[in-house]
């Protein structure tokens, strides 16, 4: 289960590392969308993967914020 391993890795990171990961994922999504618009993107399913990864990162950030309260 590749996704479970990814989520476990995210949960082990600190809040600052998660924010850096989120910024990197958003930049990647922007680049993928740009490539898609210019017909340079071969693997269009990568856009959905990155969107889901962004959601996973945001969920873990929210979980850590709620746990800190």
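Residue numbers (the working numbering): 803 to 871. C-beta: ideal position from N, C-alpha, C; glycine also. Values in this document were obtained by computation on a predicted structure and should not be read as measured data.
- Around the beta-carbon of residue 852, 16 or more other beta-carbon atoms lie within 10 Å, marking it buried.
- According to the DSSP assignment, residue 860 belongs to the alpha helix (DSSP H) that extends over 847–870.
- In the DSSP assignment, residue 815 falls outside any alpha helix (DSSP H), carrying neither H nor E.
- One alpha carbon belongs to residue 847, the other to residue 828, and they sit about 16 Å apart.
- Between the segment 856–866 and the segment 812–829 there are three or more C-beta pairs closer than 8 Å, enough to call the two in contact.
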